[in-house]
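Asker:
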Amino acid sequence: MGLLLEIKNEHLSFFTPVGEVKALNDVSFTVDDGEVLGIVGESGSGKSVTAYSIIGLVQSPGKIIGGSVSFEGREIHKLPEKEMRKLRGNEISMIFQDPMTSLNPVYTIGNQIREVIMLHTKKTKSEANERALELLREVGINEPKKRMKQYPHELSGGMRQRVMIAIALACEPKLLIADEPTTALDVTIQAQILELMAELQKKRGMSIIIITHDLGVVASMCKKIAVMYAGQIVEFGTVGDIFYEPMHEYTKGLLNSIPRLNEKSHKRLVPIPGVPVDMLNLPAGCPFAPRCDNCMKVCLDRIPPVLHRPGGHYASCWLVNKKAQLDTIDGEEADALV
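As numbered in this note's numbering, residues 55 to 392 make up the sequence shown, in order.
As structure tokens, this is what we get:
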């Protein structure tokens, strides 16, 4: 299993009239061939911006100001737009949040799938038409010939999402990015879409990045999970690490807000207090400190160190490494940690 995608120390900001919005702050992670990675966090944590930066869709005034994004060993964040268009769709594809706004309402489903195939391959219109029918069958759409002639508004939400998956898979990409692919769907259809994606991933052997705020979504599909908050990866590890041995207080807060079927007695869900940090005015210390029940003085003043555990599990939190705290702070502050 080789390395497919590597994001190293990425910094991305939006330079607005009211100031610099530091959307991504030192983000680093890797995705191997055939691996499924989940990125979770609240709205505004930087999940979608991370995805857009991979495929070069960050719009002005957004700009990568540090770090690198590499795909199969080449830095793609510096590629000219013409080269990026060859990569986008061919080798890296994306499923966006809302299929109704992603699909063109004035073109038929068949037209939109054919366009992608003909743009990125040398197939003729008839060959592209056959390929489009094949894709619709593959993603589980009934009566594909009929659906090819229909418009997006004539399909249900679940079927539109299947069409988006078909378009994303048209050129058999090596990496598929799914940005909250089940947000607009009901629970039953969510399960069907996730099952479909899992089947296609095993069949094609492609890598997938799933972006979501729902930990339940990533539990069944992903091998590794990155927990994001305020444009940073605050914890990274396997599914087992995150669900059974969480280190960061934010991760614990997300887990405490999920209902569990195996609870023996009724237990109230505990929401995370407060609101996400203002990205225009990031605090000097841990960005989660104002919402953390176990916040200490050092949390407010200094960025926490990263604690690495065996197996690639790591978190950026003062609480998980008392030794690191005592080695780097003054006596008075050390007293406050005891």
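Backbone N, C-alpha and C define an ideal beta-carbon position, used for all residues, glycine too. Computed from a predicted model, the values in this text were never measured in an experiment.
1. Helix, strand or coil for residue 155, going by three-state DSSP, please let me know.
2. Count the CB pairs spanning the stretch 336–343 and the stretch 281–293 that are closer than 8 Å, and state whether there are at least three.
3. To which residues does DSSP link residue 362 through a beta bridge?
4. How do the stretch 141–157 and the stretch 182–190 stand: do at least 3 beta-carbon pairs fall below 8 Å, yes or no?
5. Just the Cα atoms here: how many angstroms apart are residue 235 and residue 320?
6. Could you tell me which uninterrupted alpha helix (DSSP H) segments, each at least 4 residues in length, are contained entirely in the stretch 237–296, listed from first to last along the chain?
7. Quick check on residue 203: buried or exposed, where buried means 16 or more other Cβ atoms within 10 Å of its Cβ?
8. Just to check, is the beta-carbon of residue 239 closer than 6 Å to a non-hydrogen atom of the ligand MG?
9. In the structure shown, what three-state DSSP assignment does residue 140 receive?
10. Do you know whose CA, among 140, 66, 306, lies nearest residue 374's CA?
11. Mapping DSSP to helix, strand and coil, what is residue 354?
12. Check whether the stretch 72–80 and the stretch 240–251 are in contact - that is, three or more C-beta pairs closer than 8 Å.
13. Tell me the rounded alpha-carbon separation between residue 157 and residue 189.
14. Over what stretch of residues does the beta strand (DSSP E) that includes residue 70 continue unbroken?
15. Among the candidates 256, 358, 315, whose CA atom is the shortest distance from the CA of residue 371?
16. Over what stretch of residues does the beta strand (DSSP E) that includes residue 148 continue unbroken?
17. Any idea if residue 197 is buried or exposed, counting beta-carbon neighbours within 10 angstroms, 16 or more meaning buried?
18. Below 8 Å CB to CB, which residues in the same chain sit around residue 135 once its five sequence neighbours on both sides are set aside?
19. Determine the extent of the alpha helix (DSSP H) in which residue 217 is found, giving its start and end residues.
20. Across which residues does DSSP place residue 231 in a beta bridge pair?
21. Counting only the same chain and skipping the five closest in sequence on each side, list residues whose C-beta sits under 6 Å from that of residue 116.
22. Which of helix, strand or coil does DSSP assign to residue 185?
23. Closest by CA to residue 65, which one among 294, 143, 77, 362?
24. One question on the structure: do residue 85 and residue 59 come within less than 7 Å of each other, judged by their Cβ atoms?
25. According to DSSP, what are the bridge partners of residue 86?
26. Leaving out five residues before and five after residue 389 in sequence, what residues of the same chain have Cβ atoms less than 8 Å from its Cβ?
27. What is the C-beta distance between residue 124 and residue 130, in whole angstroms, given that I count them as a contact (C-beta under 8 Å)?
28. Can you name, in chain order, every residue of its own chain whose Cβ lies under 7 Å from the Cβ of residue 87, other than the five neighbours on each side?
29. Tell me the residue span of the alpha helix (DSSP H) that contains residue 107.
30. Please state the DSSP three-state secondary structure of residue 226.
31. Closest to residue 214 by CA distance: which of 311, 163, 144 is it?
Answerer: According to the structure shown:
1. Taking the first residue of the sequence shown as position 1, residue 155 is located at position 101. Looking at residue 155 - three-state DSSP - the assignment turns out to be helix.
2. yes
3. Position 308 of the sequence shown holds residue 362. Answer by DSSP bridge pairing, in chain order: 368.
4. no
5. By 1-based counting over the sequence shown, the position of residue 235 is 181. By 1-based counting over the sequence shown, the position of residue 320 is 266. Near 31 Å, if we compare the C-alpha coordinates of residue 320 and residue 235.
6. 241–258, 269–275
7. Position 149 of the sequence shown, counting from 1, holds the residue named residue 203. Label assigned to residue 203: exposed.
8. Of ligands this structure carries none, so the ligand MG is not represented either.
9. Here the question's residue 140 lines up with position 86 in the sequence shown. Residue 140: helix per DSSP, three-state reduction.
10. Within the sequence shown, numbered from 1, the residue matching residue 374 stands at position 320. That would be 306, whose Cα lies nearest to the Cα of residue 374.
11. Residue mapping note: residue 354 aligns to position 300 of the sequence shown, counting from 1. Helix at residue 354.
12. no
13. For this step, residue 157 is matched to residue 103 along the sequence shown. For this step, residue 189 is matched to residue 135 along the sequence shown. Residue 157 and residue 189: Cα-Cα distance of roughly 16 Å.
14. Counting from one through the sequence shown, the residue named residue 70 turns up at place 16. Run containing residue 70: 57–70, per the beta strand (DSSP E) assignment.
15. Position 317 of the sequence shown, counted from the first residue, corresponds to residue 371. Measuring from the Cα of residue 371, the nearest candidate turns out to be 358.
16. The residue you call residue 148 lines up with position 94 of the sequence shown. Its beta strand (DSSP E) spans residues 146–149.
17. Residue mapping note: residue 197 aligns to position 143 of the sequence shown, counting from 1. Flag for residue 197 reads exposed.
18. One-based indexing of the sequence shown puts residue 135 at position 81. Answer for residue 135: 110, listed in chain order.
19. The count along the sequence shown starts at 1 and reaches residue 217 at position 163. 211–223 is the extent of the alpha helix (DSSP H) around residue 217.
20. Locating residue 231 in the sequence shown gives position 177, counting from the first residue. Note: residue 231 sits in a beta bridge opposite 148, 263.
21. Here residue 116 refers to the residue found at position 62 of the sequence shown. Cβ within range, chain order: 68.
22. Position 131 of the sequence shown, counting from 1, holds the residue named residue 185. Residue state, collapsed to three classes: helix.
23. Position 11 of the sequence shown, counted from the start, is the residue given in the question as residue 65. The shortest Cα separation from residue 65 among 294, 143, 77, 362 belongs to 77.
24. Indexing the sequence shown from 1 puts residue 85 at position 31. Indexing the sequence shown from 1 puts residue 59 at position 5. Yes, Cβ-Cβ distance for residue 85 and residue 59 is below 7 Å.
25. Position 32 of the sequence shown, counted from the first residue, corresponds to residue 86. Per DSSP, 57.
26. Residue 389 sits at position 335 when you count from the first residue of the sequence shown. With a pLDDT of only 46 at residue 389, under 50, the local geometry of the prediction cannot be trusted, and the value read off the model is given with reservation. If we look at residue 389 and ignore the five residues flanking it on each side, it has no Cβ neighbours.
27. Counting from one through the sequence shown, the residue named residue 124 turns up at place 70. Counting from one through the sequence shown, the residue named residue 130 turns up at place 76. At roughly 7 Å, the Cβ-Cβ gap stays under 8 Å, so residue 124 and residue 130 are in contact.
28. Start at 1 with the first residue of the sequence shown, and residue 87 comes out as number 33. 55, 56, 58, 261.
29. Here residue 107 refers to the residue found at position 53 when the sequence shown is read from its first residue. Its alpha helix (DSSP H) spans residues 101–108.
30. The residue labelled residue 226 in the question sits at position 172 within the sequence shown. Looking at residue 226 - three-state DSSP - the assignment turns out to be coil, as it is neither helix nor strand.
31. Sequence index remark: in the sequence shown, residue 214 carries index 160 (1-based). Nearest option by C-alpha distance: 163.
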